[in-house]
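Q: Mapping of the sequence shown onto my numbering: position 277 corresponds to residue 411, and the numbering continues sequentially without gaps.
The beta-carbon is built from N, C-alpha and C at its ideal position, and this holds for glycine as well.
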Amino acid sequence: MKNLIATKVSNLPPSGIRKFFDIASQMEDVISLGVGEPDFDTPWHIREEGIYTLEKGKTIYTSNSGLLELRQEINRYLSRRFNISYDPQDQILVTVGGSEAIDLVLRAVLNPGDEVLIPEPCFVAYKPCTILAGGVPVTITTKAENDFRLMPEELEAAITEKTKVLILPYPNNPTGAIMEKEDLERIVEVLKDRDILVVSDEIYAELTYGREHVSIASLPGMYEKTLVINGFSKAYSMTGWRMGYAAGPKELIAAMTKIHQYAIMCAPTTSQYAGIEALKNGDTAVAEMRESFDSRRKFVVNGFRSIGMDCFEPLGAFYVFPSIQKSGLTSEEFCSRLLYEEKVAVVPGTAFGDCGEGFIRCSYAYSIDNIKEALRRIEKFMKQFT
Numbered sequence: 135m136k137n138l139i140a141t142k143v144s145n146l147p148p149s150g151i152r153k154f155f156d157i158a159s160q161m162e163d164v165i166s167l168g169v170g171e172p173d174f175d176t177p178w179h180i181r182e183e184g185i186y187t188l189e190k191g192k193t194i195y196t197s198n199s200g201l202l203e204l205r206q207e208i209n210r211y212l213s214r215r216f217n218i219s220y221d222p223q224d225q226i227l228v229t230v231g232g233s234e235a236i237d238l239v240l241r242a243v244l245n246p247g248d249e250v251l252i253p254e255p256c257f258v259a260y261k262p263c264t265i266l267a268g269g270v271p272v273t274i275t276t277k278a279e280n281d282f283r284l285m286p287e288e289l290e291a292a293i294t295e296k297t298k299v300l301i302l303p304y305p306n307n308p309t310g311a312i313m314e315k316e317d318l319e320r321i322v323e324v325l326k327d328r329d330i331l332v333v334s335d336e337i338y339a340e341l342t343y344g345r346e347h348v349s350i351a352s353l354p355g356m357y358e359k360t361l362v363i364n365g366f367s368k369a370y371s372m373t374g375w376r377m378g379y380a381a382g383p384k385e386l387i388a389a390m391t392k393i394h395q396y397a398i399m400c401a402p403t404t405s406q407y408a409g410i411e412a413l414k415n416g417d418t419a420v421a422e423m424r425e426s427f428d429s430r431r432k433f434v435v436n437g438f439r440s441i442g443m444d445c446f447e448p449l450g451a452f453y454v455f456p457s458i459q460k461s462g463l464t465s466e467e468f469c470s471r472l473l474y475e476e477k478v479a480v481v482p483g484t485a486f487g488d489c490g491e492g493f494i495r496c497s498y499a500y501s502i503d504n505i506k507e508a509l510r511r512i513e514k515f516m517k518q519f520t
């Protein structure tokens, strides 16, 4: 059987996030800061809508693109929050999480050998999805001294005649970096005369602190060359509902829908009805969760700095990306020893690209009590290196 597995699949490394999570799940008294999942329950009014639709027997397939009412609500949401508007009929596709949308767009546009520019550190799925779609991932290293933002000169240097897609992963997982309007405008200057599709992964758009998220699709000249990907997992604490969406040019959405028809059929019906309720009446809950994340963000950044670890202040998502270079260990060694010696699970920075060496990712989507105890154990661990 081993010989039957496709080479490109055999050569893919397993997720660096899951490795430490799986080990930690077999140990007792482990505090995990590893998984990017809100610790809040899905707001009750959203769950209640899902339950109600089940009781009413609304369990049949929806259209491939998703419930029209949901697509209409997605358009209203994007319009009022980010000043971008799409035709619900043919410019919005409801997907099984944002991850399916990433996979779909790359399969829809890439021919063998096409290059995809990927700023790193970044979400673990971009490179494997590019490879599986027959493309060539080209990474661009973002740096702490630039607040992990994509710099226009670095983008310019990476573009070749084979470049077809730029993935724009902001707010960023794992660094928590954001791109403000001025930053995006400089990127637009590089892209404006080039036929390059921007895949803007905006799943953390609601989780920015002290700044309002700006979508590159809202900037002049970018609407027709940008696919916006978003979803419900992070903002509404709906990870297990598996609900995402893509919005963009109708020709691209049609191509993605064609693949979606054959591979998936439609997103879960119950989740779609719950998504309608989330978009209609979820703003208050989102604001409350964002406020809580902001408090934890400040606490964890100050905690790492008090230990003596350099820690970039994130302005988005719910992760910190502290430097562990003072330990003299590799990221993998640091995470392994921290797990076995102090029972704290974090993710090595290298899980998000080779340039993540010397860093670890810690999620603060956990209670303050858990974060406080984890920091105490990390401080104890770090004392052996001072």
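#1: Can you tell me whether R439 is buried or exposed, with buried defined as 16 or more other CB within 10 angstroms of its CB?
#2: Could you tell me which whole alpha helix (DSSP H) segments of length 4 or greater appear in the stretch 252-290?
#3: Comparing C-alpha positions only, which one of T187, S233 and S159 sits nearest to S405?
#4: Checking the sheet assignment: what are the DSSP bridge partners for C496?
#5: What separation, rounded to the nearest whole angstrom, lies between the Cα atoms of C489 and V454?
#6: According to DSSP, simplified to helix, strand and coil, what is Y396?
#7: I need the boundaries of the alpha helix (DSSP H) containing Y211, first residue and last residue.
#8: Applying the criterion that 16 or more other CB atoms from any shown protein chain within 10 Å of the CB defines a buried residue, is A351 buried or exposed?
#9: Y186 lies in the beta strand (DSSP E); which residues open and close that run?
#10: Please determine, among M423, M516, L227 and L318, the residue with the shortest C-alpha to C-alpha distance to T196.
#11: Go to Y379, then tell me how far its beta strand (DSSP E) extends in each direction, as first and last residue.
#12: Would DSSP call E295 helix, strand or coil?
#13: How long is the line joining the alpha carbons of T418 and E340, rounded to whole angstroms?
#14: Suppose the cutoff is 6 Å on Cβ atoms and the five residues either side in sequence are ignored; what does the same chain contact list for Q459 look like?
#15: According to DSSP, is A339 part of a helix, a strand, or is it coil?
#16: Considering only the beta carbon of each residue, do I363 and E319 sit closer than 9 Å?
#17: For D163, count neighbouring C-beta atoms within 10 Å of its own C-beta (all shown protein chains included) and say buried if the count is 16 or more, exposed if not.
#18: Beta-carbon within less than 7 Å of G416's beta-carbon, same chain only, minus the 5 sequence neighbours each way: which residues are those?
#19: Could you tell me the boundaries of the alpha helix (DSSP H) in which T141 lies?
#20: If you follow the beta strand (DSSP E) that L361 is part of, which residue opens it and which one closes it?
#21: Quick test of your reading: F486 and E279, contact by CB under 8 Å. State the CB separation rounded to the nearest angstrom.
#22: So P271 and V243 are in contact, right, with Cβ under 8 Å, and what is the actual spacing, rounded?
#23: Kindly indicate which three-state DSSP category T229 falls into: helix, strand or coil?
#24: Relative to the C-alpha of E411, which candidate in E183, D173 and I218 has its C-alpha closest?
#25: Would you mind reading off the limits of the alpha helix (DSSP H) that contains A408?
#26: For K296, which residues from the same chain have a beta carbon less than 8 Å from its beta carbon, with the 5 sequence-adjacent residues on both sides left out?
#27: Looking at the unbroken alpha helix (DSSP H) that takes in M583, where does it start and where does it end?
#28: Is the distance from the Cβ of Y304 to the Cβ of G170 below 9 Å?
#29: Taking only the alpha-carbon atoms, compute the straight-line gap between V481 and P456 and give it to the nearest angstrom.
#30: Closer than 7 Å by C-beta to T484: which residues in its own chain qualify, once you throw out the five before and the five after it? Chain order, please.
#31: Hey, G310 and R152: beta-carbon distance below 9 Å or not?
#32: Measuring alpha carbon to alpha carbon, tell me which of S159, I293, F366 and V143 ends up nearest D175.
#33: Look at the alpha carbon of S213 and the alpha carbon of S219, and state the distance between them as a whole number of angstroms.
#34: Assuming contact is defined by CB atoms lying nearer than 9 Å, are V299 and V258 in contact in what I supplied?
#35: So for V348, helix, strand or coil by DSSP?
A: By the coordinates alone:
#1: By the neighbour-count rule (16 or more Cβ atoms within 10 Å), R439 is not buried but exposed.
#2: 260-266
#3: T187
#4: V454
#5: 16 Å
#6: helix
#7: L202 to F216
#8: By the Cβ neighbour-count rule, A351 is buried, with 16 or more other Cβ atoms within 10 Å of its own.
#9: Run containing Y186: none in the beta strand (DSSP E); it sits in the alpha helix (DSSP H), W178 to E189.
#10: Taking T196 as reference, the option from M423, M516, L227 and L318 with the minimal CA-CA separation is L227.
#11: G378 to A381
#12: coil
#13: 12 Å
#14: Here the set comprises G492.
#15: It is coil, neither helix nor strand.
#16: Their beta carbons are not under 9 Å apart, which means I363 does not touch E319 by this criterion.
#17: exposed
#18: P177, I180 and Y370
#19: T141 to S144
#20: Taken as a continuous stretch (DSSP letters only), the beta strand (DSSP E) holding L361 covers T360 to G365.
#21: Wrong, their Cβ atoms sit about 18 Å apart, outside the cutoff.
#22: Incorrect: roughly 14 Å between the Cβ atoms, too far for contact.
#23: strand
#24: E183
#25: T403 to N415
#26: Counting only residues of its own chain and dropping the five nearest sequence neighbours on each side, K296 has a CB closer than 8 Å to the CB of G247, D248, E249 and V270.
#27: Because the chain spans 135 through 520 in this model, residue 583 falls outside it and cannot be assessed.
#28: no
#29: Roughly 11 Å between the two C-alpha positions.
#30: G150, S465, E466, G490 and E491
#31: no
#32: If we check each option's Cα against that of D175, F366 comes out closest.
#33: 5 Å
#34: V258 is positioned such that its CB atom lies no closer than 9 Å to that of V299.
#35: coil
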